[in-house]
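First to last, the sequence lines map onto chains A, B, C, D and E. Heads up: the first sequence runs through residues 32 to 385, numbered per the working numbering. Heads up: the second sequence runs through residues 32 to 385, numbered per the working numbering. Heads up: the third sequence runs through residues 32 to 385, numbered per the working numbering. Heads up: the fourth sequence runs through residues 32 to 385, numbered per the working numbering. Heads up: the fifth sequence runs through residues 32 to 385, numbered per the working numbering.
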Amino acid sequence: MNLRLPKKDKFIGIPPGTPVFKGEKKTDKVELKLIEYSENFYSEKEIQISELLELLKDSAKIKWLIVTGLHDTKIIGQIGEIFNIKHLIIEDILDTGHHPKIDFFDNFIFIASKIIDYNETSKTVHSEHLSLLFGKDYVVTFLEQQSDYFNKIKERIKNNSGRITKLGPDYLNYTVLDYVIDNYYLLIDKLGYDIDKLEEAVASNPTKEQLSLIHKFKGVLIYINRLVKPLRDIVRRLETEKSPLIKETTYEYLRDLYDHVVQVTDMFESYRETLTVILDIFITSQGNKLNEVMKVLTIIATIFIPITFIAGVYGMNFRFMPELGWHYGYYLALFLMIAIVIGMLIYFKRKKWF
Amino acid sequence: MNLRLPKKDKFIGIPPGTPVFKGEKKTDKVELKLIEYSENFYSEKEIQISELLELLKDSAKIKWLIVTGLHDTKIIGQIGEIFNIKHLIIEDILDTGHHPKIDFFDNFIFIASKIIDYNETSKTVHSEHLSLLFGKDYVVTFLEQQSDYFNKIKERIKNNSGRITKLGPDYLNYTVLDYVIDNYYLLIDKLGYDIDKLEEAVASNPTKEQLSLIHKFKGVLIYINRLVKPLRDIVRRLETEKSPLIKETTYEYLRDLYDHVVQVTDMFESYRETLTVILDIFITSQGNKLNEVMKVLTIIATIFIPITFIAGVYGMNFRFMPELGWHYGYYLALFLMIAIVIGMLIYFKRKKWF
Amino acid sequence: MNLRLPKKDKFIGIPPGTPVFKGEKKTDKVELKLIEYSENFYSEKEIQISELLELLKDSAKIKWLIVTGLHDTKIIGQIGEIFNIKHLIIEDILDTGHHPKIDFFDNFIFIASKIIDYNETSKTVHSEHLSLLFGKDYVVTFLEQQSDYFNKIKERIKNNSGRITKLGPDYLNYTVLDYVIDNYYLLIDKLGYDIDKLEEAVASNPTKEQLSLIHKFKGVLIYINRLVKPLRDIVRRLETEKSPLIKETTYEYLRDLYDHVVQVTDMFESYRETLTVILDIFITSQGNKLNEVMKVLTIIATIFIPITFIAGVYGMNFRFMPELGWHYGYYLALFLMIAIVIGMLIYFKRKKWF
Amino acid sequence: MNLRLPKKDKFIGIPPGTPVFKGEKKTDKVELKLIEYSENFYSEKEIQISELLELLKDSAKIKWLIVTGLHDTKIIGQIGEIFNIKHLIIEDILDTGHHPKIDFFDNFIFIASKIIDYNETSKTVHSEHLSLLFGKDYVVTFLEQQSDYFNKIKERIKNNSGRITKLGPDYLNYTVLDYVIDNYYLLIDKLGYDIDKLEEAVASNPTKEQLSLIHKFKGVLIYINRLVKPLRDIVRRLETEKSPLIKETTYEYLRDLYDHVVQVTDMFESYRETLTVILDIFITSQGNKLNEVMKVLTIIATIFIPITFIAGVYGMNFRFMPELGWHYGYYLALFLMIAIVIGMLIYFKRKKWF
Amino acid sequence: MNLRLPKKDKFIGIPPGTPVFKGEKKTDKVELKLIEYSENFYSEKEIQISELLELLKDSAKIKWLIVTGLHDTKIIGQIGEIFNIKHLIIEDILDTGHHPKIDFFDNFIFIASKIIDYNETSKTVHSEHLSLLFGKDYVVTFLEQQSDYFNKIKERIKNNSGRITKLGPDYLNYTVLDYVIDNYYLLIDKLGYDIDKLEEAVASNPTKEQLSLIHKFKGVLIYINRLVKPLRDIVRRLETEKSPLIKETTYEYLRDLYDHVVQVTDMFESYRETLTVILDIFITSQGNKLNEVMKVLTIIATIFIPITFIAGVYGMNFRFMPELGWHYGYYLALFLMIAIVIGMLIYFKRKKWF
């Protein structure tokens, strides 16, 4: 998990607004896909940056530009110029460690967000920076790597299912955010399943591996928490701050979306509490186990130490030890030992040690 | 406890507002019961979806439609059309994992809530999704399974007890919410009884079973907390946001209702704190027990180890060991051992170990 | 402590506003005492419910009705009718588990509160439900049991001390609340004394009894906290929400009262923190004690185990063991043992184990 | 530390506003000192209560009355009459356990506060109740005991240093509060030094004395916290609530004062966190120490127990034990023992136990 | 870390606004550097305090005065007079322990802040007091020691890179704050790297050194937290409180800056949570280790104690012990011992102890 920001060392002192890619390069080339659609039209093609300006002119269609790969600052810069994006926003698009935020401008609304992915085998979370801006007749999404992330939405547009083709870019923008949040649901689902399984396991037999799992999940939840909280804020501001770029009819969907984000954050909160409970169980189970081990040791030791002592006494080599000469001395000693053992057992029974 | 939401995996990418049942199917068929009443009239009958529209026309009576079973999305969809319910709300009715919420519309007020049930033997909580909407002359309640849940209210209407038949659907709606919250009280009552019993038990003798109970109750309270907090919000909004669908006289009841929810949440809060205290007691009792066990071991060991050593010394086979030849050597050795034991006992007494 | 509410099981489904006594019956009969006073007049008598209406007519005097015992719902209902109290408020008076609240009406102000009592020997808190309403020329107080609770106030009225007879029922109401809060002070005083004593004891020698005391006090503070917080709210609302029933001159007293409640809640908050500190001390003291015990065991064991081994070696019966035949063999063995003991002691000294 | 309020037992039921001294008597007589000053004038004298009224008439000078000793309620009452102080405020002046507060009146502003003093040897805090009121041309301060507390301020007035003589009683009032808060700084300074020293000590070797120090400091911080928070509130209200008694030019000083209080509360907050960290270190160090002790015990025991057993075997007295007759039997046994010891040491080395 | 404020002892009672240097003297002389620049001009020179007034007159250029070293109160006082700075602000500049704050005046805006530096080898944080004020055509920065701290910004001005020379002192001020915050990023980067490394190490093998590191980092984060929170406040107020000294176009940069501070505080918050997790891991790992050690001890002890006892029994010297004479007595005894060992091993296997 890149909880840490990308190394900023080399960027200190650079004038603000300079387009610099701050992140790991995850893909080789920058890919630009342009989807154009209206109620009866759908086209999707890979384009060159040079064609872009021309293609955007057709105002009858909604244009969705999907940019994958962020390391080529020149191309991103050119896109910025075409859409009239300020330098500081370009900087945010390129900074893959930037936290989620929203900014309202006259010509578009800008949203920085994260898409996250939970790996069920390694129990880690992978996140990817997603920037999104939508204007009067276009939506632009910037992704680091996963060029096929939005395939399901594309299909819905293609198949003309639901209302997506009848409504504008603000609805497409809502659809994208809804899709992102649905994926958070999915993540909770998987993570929750793992946490619930862990909870049951810990209660029965605490192991070192579980401890490291608890700790891993705690890290994951700290990480996600940092992403989900600003996301909730973004949706709330989208819903409450009126913008001419959002149609009246879209607000009902945004309200519903806000409902979903709240539910997601509530779920995460619940799982954080659950993890704390699990750690508590772990620690007390550990204590229980120590107690059990110590009891076994104590029982064995306290039973045998006294009778071993008796054996030691009659193993002494003094010349004058009357008991040694008694005919039943040996049996008396054995009897004494047995009596001590029985006494001890009764004592432990009363203490409820077993 | 279905802390986790129903698996959303298959629902990702579906256009928002599509009516899909998200939950477990708990009953076989969808049952529609229509209750019609006025001050001198009461009728209750099972109806078909096809009859519904016709039956709603009689505006002189208050109509209460109880829908049990949510898996048949077609029927729910038809009900939605009859009552003019938006798709997004239909989605909320069908999503049994949805958190409690309230939405104000022109024609009706929609409330999503949960009814909960505490099983005293398994110490678990079972919850059921309850949706509720009320308009000018009707109330519709959607339940997953328990078709007889509202029997006590029905009886009150039938017997014309209290003011219920004299007042409108907003009062019926209040009665239903009041009934739901009364059941939360009942739950606290039972849960509180179990927690109080646990508290006493833990203080006297901590066991593994108690630990798992503490942990179970913590889970239950985390779960309930997630339901009760939005419920309080719902009642507060009902009381404060004026709606033409609620008569002036009903607000006094809603204020009282709000009082009750606050009391319920306060009780839950108290029990959460109590559980934390119980866990603290458990851990310190555990520590106490370990200390006790260790003391027994240490007393036995420190008493016998030195005297066993003496026995060992006089068990050595050296040819020249003057003590062995002394006439009272054996008695001197025994005396030395007894002296050591007494010394040790005095030492422990001073240390207040017993 | 009745942290739990009275069993609500049987009350579920009852129409709201139905007067039902919810609590334990603590006294045999319902007692009505009417105190009438003006600047030069004082009378106190036990009356019957039938006389009440007639007696209230004299508007020149301030009337204070003290009702003790709540189980006779008929009498309480009649009082409700005479003073024109709504059914929902009657319900609150009868529900001894109801949390503190305030309600403003046109003809009177209603306050539900608790009087509490700390038992210094059993270290428990006993609470009693106190309802209070005051109008233009009367105050009514409802108590569960302690009919002599307000004797000190009565004496002040009788003796005409202070301003009480010169001012109206709002001042009497203030006096009653002030008296209730003064009793909370007293409770803190006693509780604080016990907690301070406990704090000192825990630091020196932690015992099982202290642990159960800590836990008892935690429970008491959780319980009181639930009562004091709404009480502060009540006084704040009395002070800030203007009512024609409260004279301008009384507000200064209410401000002072609010000051006192804040101080009381602050004190409770402090004691909660103190208890957390005490528990921390307890746990660390426990750990210290375990360490001490383990050190004793370890010192004894590590000193004697090696030398016992040497004794064991020379206790072996091999035919050919040269050392056994040496003239000073025995003394050499003893010397070796002493050397080991001294070495061990130096080692422990360096480790600062004693 | 008088965390507890003075015993209120005897004061319950007393009419509010009755002047009663609630506190310990700390000084024998009540001392009244009157300081009069203007830009070119300074006089300081001890006066009698009977002279006071006369002396206040000279409106050209600023008058500062310092009252030391609060137990003589009659004198305090007379002062109250002279300055026209309401009974409830007199009560606050006399109640040495009263928390800090501010009250705005037409003729003066009243502030109750505490001066605190940290004893570096006993590590305890001593507090003294300080009441302060200032009007158009006078300041009155009430102290319990330390009649020389304000000497430094007096000197500044006498020496005409700074702006103090040029500005009015509101500035003097500010100077007094500033002086009080400066003393809180001093306290943090000393306390912080002790906490930092403790932090270093705990990390190296945790002892019982440190534990009791941690606990003492926690108590001190809980106590101070209760005083500083309302103090911050007082200064904030002084700064924000406009009063004709405070000149426009003084607000800039009050803003600066508020800055200082915030800094003081921040420091205390930091030290509270630091103490929590110290306790954590203490507990984990304790755990470390236990682990270390247990390791020593385990190493010694596991090495010697098996070889002692071997010695025991060859100490048995069976008639037929072939090994006993072997010529090198003894050396073989010794060799076996040494092999076991080496094996154990390798095992522990691998486990990284030493 | 100077968590503690500089010793205030000697400063108590000094009239407010008196310029006194409160801090450690870190540099020998006070250095004044004046940078003058416009779009085509850059000059930097060390100046004397006497030349300053004259040099400020050229209003065509932006003047940046960098003052390094604060102990010479006379020089600072003179600068204060030249720029017309109130005495209370001069006091804040000289008090190196002052917390970050902002103050708006008519002629300039004053900001007190800290620059911090993380030492990767000693794992400590070093902070330096930075005061900053900017007016219509000048910026003044006061530093304790690091005269070359702003070199990178100077270079940008010199090289005319970015917009810095085209915009006014408000932009320069923003640049300076941005630079300070960028250095906080760098600090997180380094600190985060160390914390992540620690996290991994703790999980595998907890040591005393790690504990002291955890504790050191906790201290560092408590310290930084106290600096970053007011810094966020400063930037928020700069952004929201309109001042004629800040041009409309600069607000967009300030908004971006605020974004950055929020991100920085979020990161610190995350690391605080992470450290808590690390401590939890440490404690539970410690518990695990203790359990492991105890298991080894218990296994060894419980296996050997019983068989050593048997050896002891047959080492007794009773005259009549039939077993001793049996021909296979020795082998039977050995067999019995082996049987016990196997039995024990099976028992431990079942208990899953190894």
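Note that CB positions come from ideal geometry on N, CA and C, so glycine has one too.
Here's a check: name, in chain order, each residue in its chain whose Cβ is nearer than 7 Å to the Cβ of L242(B), leaving out the five neighbours to either side.
Locating residue 242(B) in the second sequence gives position 211, counting from the first residue. For L242(B), where only same-chain residues beyond five positions count, the Cβ hits under 7 Å are F313.
Can the beta-carbon of S144(C) be found less than 9 Å from the beta-carbon of P237(C)?
The residue given as residue 144(C) occupies position 113 in the third sequence. The residue given as residue 237(C) occupies position 206 in the third sequence. It is not a contact, given that the beta carbons lie outside the stated cut-off.
Between which two residues does the alpha helix (DSSP H) holding E240(D) run?
Locating residue 240(D) in the fourth sequence gives position 209, where the first residue counts as 1. E240(D): member of the alpha helix (DSSP H) spanning 239 to 271, first to last residue.
How about L65(D) and L101(D): are their beta carbons less than 9 Å apart?
Locating residue 65(D) in the fourth sequence gives position 34, counting from the first residue. Locating residue 101(D) in the fourth sequence gives position 70, counting from the first residue. Not in contact: L65(D) and L101(D) (Cβ atoms no closer than 9 Å).
Less than 9 Å separating the beta-carbons of L161(E) and V171(E)?
Within the fifth sequence, the letter at position 130 stands for residue 161(E). Within the fifth sequence, the letter at position 140 stands for residue 171(E). Not a contact, by the Cβ cut-off of 9 Å.
With a Cβ-Cβ cutoff of 9 Å, do I140(A) and L269(A) count as a contact?
Here residue 140(A) refers to the residue found at position 109 of the first sequence. Here residue 269(A) refers to the residue found at position 238 of the first sequence. Contact: yes.
With a threshold of 7 Å on Cβ separation, who are the neighbours of I277(E) within its own chain once the five nearest residues in sequence on each side are excluded?
By one-based count along the fifth sequence, residue 277(E) stands at place 246. Hits under 7 Å: D201.
Give a yes or no on whether the minimum CB-CB distance between Y284(B) and chain C is below 9 Å.
Residue mapping note: residue 284(B) aligns to position 253 of the second sequence, counting from 1. Cβ-Cβ to chain C under 9 Å: yes for Y284(B).
So what does DSSP say about Y169(C), is it helix, strand or coil?
Looking up residue 169(C) in the third sequence gives position 138. The answer is strand: DSSP assigns Y169(C) an E or B state.
Which same chain residues end up closer than 6 Å to Y284(B) when comparing Cβ atoms and leaving out the 5 residues on each side of it in sequence?
In the second sequence, the residue the question calls residue 284(B) occupies position 253. The residues are Y205.
Kindly identify the DSSP beta-bridge partner or partners of L229(A).
For this step, residue 229(A) is matched to residue 198 along the first sequence. None; L229(A) has no bridge partner.
Assuming A342(E) and G356(D) are in contact, meaning their beta carbons sit under 8 Å apart, how far apart are those beta carbons, in whole angstroms?
The count along the fifth sequence starts at 1 and reaches residue 342(E) at position 311. The count along the fourth sequence starts at 1 and reaches residue 356(D) at position 325. Wrong, their Cβ atoms sit about 18 Å apart, outside the cutoff.
Could you check if L386(E) is buried or exposed, using at least 16 other CB atoms within 10 Å of its CB as the buried criterion?
Given a span of 32 to 385 for chain E in the structure shown, any question on residue 386(E) remains unanswerable.
Identify the contact partners of F335(C) in chain B, using a Cβ-Cβ distance below 7 Å as the criterion.
In the third sequence, counting from the first residue as 1, residue 335(C) sits at position 304. Within 7 Å Cβ-Cβ: I336, P337, F340.
Would you say the segment 290 to 308 of chain C touches the segment 297 to 305 of chain B, given that touching needs at least three Cβ pairs under 8 Å?
no
Would you identify the three-state DSSP class for E67(B), choosing helix, strand or coil?
In the second sequence, counting from the first residue as 1, residue 67(B) sits at position 36. It is a strand residue.
Under 8 Å, with one C-beta from each stretch per pair, do the segment 180 to 196 of chain E and the segment 102 to 112 of chain E reach the 3-pair mark?
no
From which residue to which residue does the beta strand (DSSP E) around S74(C) run?
In the third sequence, residue 74(C) corresponds to position 43, counting from 1. Where S74(C) is concerned, the enclosing beta strand (DSSP E) stretches over 72 to 78.
At a Cβ threshold of 9 Å, is Q317(C) touching chain B?
The residue you call residue 317(C) lines up with position 286 of the third sequence. Interface residue, yes.
Using a C-beta to C-beta distance shorter than 8 Å, which residues of chain D count as neighbours of F313(E)?
Taking the fifth sequence and counting its residues from 1, one reaches residue 313(E) at position 282. Residues of chain D passing the Cβ test: T315.
What residue range is occupied by the uninterrupted beta strand (DSSP E) comprising V98(D)?
Here the question's residue 98(D) lines up with position 67 in the fourth sequence. Per DSSP, V98(D) belongs to the beta strand (DSSP E) from 93 to 99.
Suppose you measure from the CA of Q176(C) to the CA of L310(B); what does that come to, to the nearest Å?
Here residue 176(C) refers to the residue found at position 145 of the third sequence. Here residue 310(B) refers to the residue found at position 279 of the second sequence. Looking at the two C-alpha atoms, the distance is approximately 36 Å.
Taking a contact to mean a Cβ-Cβ separation below 9 Å, would you say L87(C) touches I113(C) in this structure?
Within the third sequence, residue 87(C) is the residue found at index 56, counting from 1. Within the third sequence, residue 113(C) is the residue found at index 82, counting from 1. In contact: L87(C) and I113(C) (Cβ atoms closer than 9 Å).
How many angstroms separate the CA atom of V292(C) from the CA atom of N256(B)?
Your numbering for residue 292(C) matches position 261 in the third sequence. Your numbering for residue 256(B) matches position 225 in the second sequence. Straight-line Cα distance between these residues: approximately 29 Å.
Using Cβ-Cβ distances below 7 Å, what residues of the segment 356 to 367 of chain D are close to chain C?
Taken in chain order, the members of the segment 356 to 367 of chain D whose beta-carbon sits within less than 7 Å of a beta-carbon on chain C are G356, H358, G360, Y361, A364.
Taking contact to mean 3 or more Cβ pairs, one atom from each stretch, closer than 8 Å, check whether the segment 186 to 193 of chain A and the segment 145 to 160 of chain A are in contact.
Proximity of the segment 186 to 193 of chain A to the segment 145 to 160 of chain A falls short of the contact definition, fewer than three beta-carbon pairs being nearer than 8 Å.
Give the straight-line distance between the Cα atoms of G360(E) and F351(D), rounded to the nearest whole angstrom.
For the purposes of this step, residue 360(E) is taken as the residue at position 329 of the fifth sequence. For the purposes of this step, residue 351(D) is taken as the residue at position 320 of the fourth sequence. When rounded, the distance between both Cα atoms is 8 Å.
Using beta carbons (cut-off 9 Å, strictly below), is E231(E) in contact with chain D?
For this step, residue 231(E) is matched to residue 200 along the fifth sequence. Cβ-Cβ to chain D under 9 Å: no for E231(E).
Roughly how far, in whole angstroms, is the beta-carbon of T346(D) from the beta-carbon of G346(E), given that I think they are within contact range, below 8 Å?
The residue you call residue 346(D) lines up with position 315 of the fourth sequence. The residue you call residue 346(E) lines up with position 315 of the fifth sequence. Checking the displayed sequence, the identity of residue 346(D) turns out to be Gly instead of Thr. Yes, G346(D) and G346(E) are in contact; Cβ-Cβ is about 4 Å, under 8 Å.
Going by beta carbon distance, what residues of the same chain come within less than 6 Å of E77(D), once the five residues before and after it are set aside?
As a position in the fourth sequence, residue 77(D) is number 46, starting the count at 1. K64.
Note down, in chain order, every chain B residue with its Cβ under 7 Å from the Cβ of A332(C).
Translated into positions along the third sequence, residue 332(C) becomes position 301. Under the 7 Å cutoff, chain B gives A332, I336.
May I ask whether a heavy atom of the ligand FMN can be found less than 8 Å away from the beta carbon of I97(C)?
Judged by which ligands are present, the structure shown has none, so any question about the ligand FMN falls away.
Output, in chain order, the set of chain E residues within a Cβ distance shorter than 8 Å of Y345(A).
Within the first sequence, residue 345(A) is the residue found at index 314, counting from 1. Chain-ordered, the chain E residues with CB closer than 8 Å to the CB of Y345(A) read M347, N348, F349.
Could you name the residues of the same chain whose beta carbon sits closer than 7 Å to that of V135(D), not counting the 5 residues immediately before and after it, in chain order?
If you number the fourth sequence from 1, residue 135(D) lands on position 104. For the record, residue 135(D) in the displayed sequence is Phe; it is not Val. If we look at F135(D) and ignore the five residues flanking it on each side, its Cβ neighbours are E272, S274.
As an exercise, report each continuous beta strand (DSSP E) stretch of at least 3 residues that is fully enclosed by the segment 116 to 188 of chain D, in chain order.
DSSP assignment within the segment 116 to 188 of chain D yields the following whole beta strand (DSSP E) runs of 3 residues or more, N-terminal first: 132 to 135, 140 to 150, 155 to 165, 169 to 174.
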